[in-house]
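Reading through the structure tokens given below for one structure.
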Amino acid sequence: MHESFLAYRRFQYLKLSLGLILLSVLGYALHDPSEPPSGSTWLGYTLGTLGGLLILWLLWFGVRKRQYHSRLGQVSGWLSGHVYLGSALLVIATLHCGFQFGWNVHTLAYVLMAVVIASGFYGVFAYLRYPTRLTQNRGGLQVEAMLSEIADLDRQCLVIADHIGDKVHQIMLRSIERTSFGGSLWKNPLPGIEKGVEELNNELNQSTVFFMADQLASGQSGARAEQVRRLLDLITSKKALVTRVQEDRKYHALMKVWLYLHVPLSIALLAALIAHVISVFFYW
Amino acid sequence: MRCLIRLLSYKSKGILAQQDREFQGEQLTIGRATGQDLYLADLRVALEHAKVTASGAGQFLIQSKVPSGIRHNEELVQSVLLAVGDRVRIGDCQIIVAPPEAGYELVLIVEQTRRADGKAPSVDAGSRNKKRFRFGVRAWSWTLFLLIVGFALVLPISGFTLQPVGRFLRTWIPAGSDSMWDSGTLTPGHQYFGSDCNTCHRSAFTSVRNTACLECHQGQPHHVELNLFNLTSLNERRCASCHKEHDGLQALIPSDPDLCLDCHRHIKDIAASSRSLDIGPDFADEHPQFRATLITNIDGRDQSERLSINPGETLKERSNLFFPHHTHLDPRGQLSPKGRVRLLCASCHVPEPGGRGMEPVRFEQHCHSCHKLTFDAQEPRREVPHGNTRLALDSLNVYFANRALKGDYQELGTPPVVRRRPGQKLSVPEMQEALAWASHKAEDVGRELLEFRACAICHAVQMKGPDLSNWDVAPVRIAQQWYPKARFNHARHKTMACVDCHPASRSESSEDVLVEGIQTCRECHAGPGAKNKLESTCISCHGFHIAQKYTFDGKRRVAFAEKTRTVRADNKKDLK
């Protein structure tokens, strides 16, 4: 039975995380320093040390998930901890700073941390939502298989189109050229996907299909009409396949796009954290 | 145009075959139809797909003849000028533009990418064959990491190491200066040097030293007199361990009782000879009864004492003054030269300009309008001067001598020489007689003033022996403050009536210490966390820097030293 990383070991990390949050909030509520709460009270230093260690551990996840031979716990367990303790970090860091913010490296670290955590929340959402849809969309077929089937369909289309005539062949060529999956998808995935799907629809529905329908309507000879009908069938199958491939890519994109924020900003957070800690003790 | 076409094809087992062909003509046609100059068999090539023509100046233009276009360096185009190194893809064939050679204007290398098994490559295979430059996750991460480390760490530290760099950064690149490290705005008093962190933060990884604070706060008093309490725990204390900057006034001037109670909870453990009492944090029930500082007379000697003011008990101090408050505050008023006058507290007790304390009561301003220092019915407006017994007696001598020599002093029992008509000349014996009378008269009047009238009305007079020259008014010792260890501010208690704290209207003697104990304060004040009462901590009433003789850095206070010298000098003058 598959267990979600969120439910890892009966929500072990959720409990740990809630425990940490509870302790920090209790400590903050009971702590009564002679100065306004900040990182420089004993509780501030404690929560700061805890938060800093948490950040380092959370960052180490990026290393751990690449160590396939590591025996240091399962990656799903690490991920579970990563998600829950990362969420707890938001509370711990906020209490560490005592709700004091400003235009400085300290708040920069906080903001980076908050954005990293927020993007992580989206990541959890994406990982819960899209893999199921991805599997449903694939229907047991690998993308490579779909692509080679599309190529095969293209080839069949071209053979028939060539039989029908040069102009039909040219339109088919254009249609194939337009539906090829470019490497530019990553540049701007979401609108790129939309545009790709739209172009595909336009191309298949309007120019190609209308052209074919015209050919049918103009009462061509029986054999030729049969060829056009076969060509149309092929295009319909291809369209269905292309839609599935596009969907597949869309889901992949949605599952990956947040990492472009999450990973670089977490490295930026590491830099800001180092600067924060050193600067605090540099000007003690 | 003269063109060399080099056909490369992959045979089975990966063997590469090369075939060179020369072309000469106006345009090079490319397509799947027979008769095309460059014949490409792939179905994805149109019958007449493209043509290459010379466009002058040694340049060649490739144009697509079909709507599907051609791929030029992976970009879908309709026509493009060819340059050496360009890759043009039509169907499964790739045309590379090579540098011109051996008299050919254009050299095209035509490469079949068709796989050896005869199957066409997948539709998107072509688009993957060239990896584009992408600013990927790793590059972003490194860029951000280096940017932040550079701006938030390397630049500020270099600015700290090299002062000109620091000044430059603060002026022109604040985001790369140590202002990035500022954890919170400075309190208003410190903001004028706020842009230069090194005013306080002088060495790296070292907390702010007292020298930095004392540069401006020179002469800040110590907590204790070092000659009495030389406590290491106090002397080694950093200013910043109590006064924390970058966190608002509340952190700069902390009011947490624990800071005081660390020592004062059990003060004898810290300073065995201290006369302070142990104390707890709650003013409402852990503060000892107030002790008033006053002058008492024990075994004939005046001395200063601190005595507890217990409820229902009135302390007596030795002020050497006779002043019954209840008579003066009689609601029916007082008889005065100007008629009946009703006195109020404020008639005599006027606040200092700052309002914190009260101005001293002065005879000339507050008493004199009723209490005239007259002494002679012959001249009822004439008075002796106040404040100095010798001067007063001298003035009597001068006055009576003058009257005796002038004559016309019409008092019963006065010798004729003094009563004579004015303008009548005196002989030397007469003069001596007159002056002898004057001297007696002055002594009689002086004795009367000191013993029964004027002086004796208000002052205790020390009558040492029969000789009047040894008599004197006892020095007045009214405590300017009964609670000198606290900082009571009258102005902040304006809503109270004077009698709420000073039970003067019942007082019959000026010896009464007219101030209430802690119970009166507790009607309004309570400790930290108090509900329905004013939260008051130690520093609401007490100061920390209260030593009179020593500064916080252990030096003798200049102001105090000067004051001592002045007082000594005054005393010497008096003695002379």
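Heads up: the sequence lines are chains U and G, in that order. Just add 363 to the spot in the first sequence (first one is 1) and you have our numbering. Just add 2 to the spot in the second sequence (first one is 1) and you have our numbering. Virtual Cβ for every residue (Gly too), placed ideally from N, Cα, C.
Suppose the cutoff is 8 angstroms on Cβ atoms and the five residues either side in sequence are ignored; what does the same chain contact list for R507 (chain G) look like? Here residue 507 (chain G) is Ser; the residue named in the question, Arg, does not match the sequence. Closer than 8 angstroms at the Cβ level, and outside the excluded window around S507 (chain G), lie H327, H328, L331, V501.
Any residues in the stretch 544-564 of chain G with a beta carbon nearer than 9 angstroms to a beta carbon of chain U? Which ones, in chain order? Interface annotation for the stretch 544-564 of chain G against chain U: empty, criterion Cβ-Cβ distance under 9 angstroms.
Can you tell me which residues form a DSSP beta bridge with H461 (chain G)? G:L323
Determine, using beta carbons only, whether I150 (chain G) comes closer than 8 angstroms to chain U. yes
Length of the line joining the Cα atoms of L228 (chain G) and G556 (chain G): 7 angstroms
Residue range of the unbroken alpha helix (DSSP H) whose run includes S482 (chain U): 468-501
With a threshold of 8 angstroms between beta carbons, is R46 (chain G) in contact with chain U? yes
Between which residues of its own chain and D611 (chain U) is the CB-CB distance below 7 angstroms, once the five residues before and five after are set aside? L497, N500, R501, V506
Buried or exposed: which applies to Y376 (chain U), given that a residue is buried once 16 or more other Cβ atoms fall within 10 Å of its Cβ? Only buried fits Y376 (chain U), as 16 or more other CB atoms lie within 10 angstroms of its CB.
Can you name, in chain order, every residue of its own chain whose Cβ lies under 7 angstroms from the Cβ of R134 (chain G), other than the five neighbours on each side? Summary for R134 (chain G): the model assigns pLDDT 48, below 50, so the residue's position carries little reliability; its value from the coordinates is reported in the next sentence. Excluding sequence neighbours, R134 (chain G) sits near nothing in its chain.
Short CB-CB distance (under 8 angstroms) between A186 (chain G) and chain U: Looking at the sequence shown, residue 186 (chain G) is not Ala but Gly. By this cut-off, G186 (chain G) is an interface position.
Do A472 (chain U) and L453 (chain U) have their CB atoms nearer than 8 angstroms? no
Looking at the structure shown, is H373 (chain G) part of a helix, part of a strand, or coil, going by DSSP? coil
Within chain G, partners of A370 (chain U) - CB distance below 9 angstroms: Near A370 (chain U) there are no residues of chain G at all, since even the closest Cβ is about 29 angstroms away, more than 9 angstroms.
Cβ-based neighbour list, Q61 (chain G), same chain, cut-off 8 angstroms, excluding 5 preceding and 5 following: L83, L84
Just to confirm, are A528 (chain G) and L516 (chain G) a CB contact at a threshold of 8 angstroms? With contacts defined as CB atoms closer than 8 angstroms, A528 (chain G) and L516 (chain G) fail to qualify as a contacting pair.
Do you know offhand how far A493 (chain G)'s Cα is from F285 (chain G)'s? 22 angstroms
Can you say whether Q306 (chain G) is buried or exposed, counting buried as having 16 or more other CB atoms within 10 angstroms of its CB? The question names Gln, yet the displayed sequence has Ser at residue 306 (chain G). It is exposed - the Cβ of S306 (chain G) has fewer than 16 other Cβ atoms within 10 Å.
Do you know how far the Cα of V468 (chain U) is from the Cα of H639 (chain U)? 6 angstroms
I need the straight-line Cα distance from P158 (chain G) to S179 (chain G), nearest angstrom please. 5 angstroms
Do P256 (chain G) and S403 (chain U) have their beta-carbon atoms positioned less than 8 angstroms apart in this structure? no
Length of the line joining the Cα atoms of P190 (chain G) and F231 (chain G): 34 angstroms
Return the CA-CA distance between S349 (chain G) and P333 (chain G), expressed in angstroms with no decimal places. 13 angstroms
If you draw a straight line from the C-alpha of I356 (chain G) to the C-alpha of I150 (chain G), how long is it? Rather than Ile, the amino acid found at residue 356 (chain G) in this sequence is Gly. Taking the straight line from one Cα to the other gives about 52 angstroms.
Does any CB atom of chain G fall closer than 8 angstroms to the CB of Y447 (chain U)? no
Could you tell me the distance, in whole angstroms, from the CA atom of P123 (chain G) to the CA atom of L78 (chain G)? Annotation note: pLDDT 44 at P123 (chain G) (below 50); position unreliable, no value reported.
What ranges does the alpha helix (DSSP H) occupy inside the stretch 420-466 of chain G, keeping only unbroken runs of at least 4 residues that lie completely in it? 430-453, 457-460
Rounded separation between D126 (chain G) and G503 (chain U) - CA only: Model confidence at D126 (chain G) stands at a pLDDT of 42, short of 50, so the residue's coordinates are unreliable; what they give is reported in the following sentence. Looking at the two C-alpha atoms, the distance is approximately 21 angstroms.
Compute the distance between the beta-carbons of V388 (chain U) and L458 (chain U), then report whether it is under 8 angstroms. yes
Between the Cα of E589 (chain U) and the Cα atoms of U:A603, U:I527, U:T412, which residue gives the shortest distance? For E589 (chain U), the nearest C-alpha among the options comes from U:I527.
Using alpha carbons as the reference points, say which of U:S511, U:A524, U:R593 lies closest to V605 (chain U). Selected option, being the one with the closest Cα: U:S511.
T189 (chain G) - DSSP class collapsed to helix/strand/coil: coil
Could you tell me whether the Cβ atoms of L9 (chain G) and Q21 (chain G) are closer together than 8 angstroms? yes
Which same chain residues end up closer than 8 angstroms to D378 (chain G) when comparing Cβ atoms and leaving out the 5 residues on each side of it in sequence? R384, Y401, V447
Would you please verify whether the beta carbon of H469 (chain U) is less than 8 angstroms from any beta carbon of chain G? yes
Can you tell me whether DSSP reads H289 (chain G) as helix, strand or coil? coil
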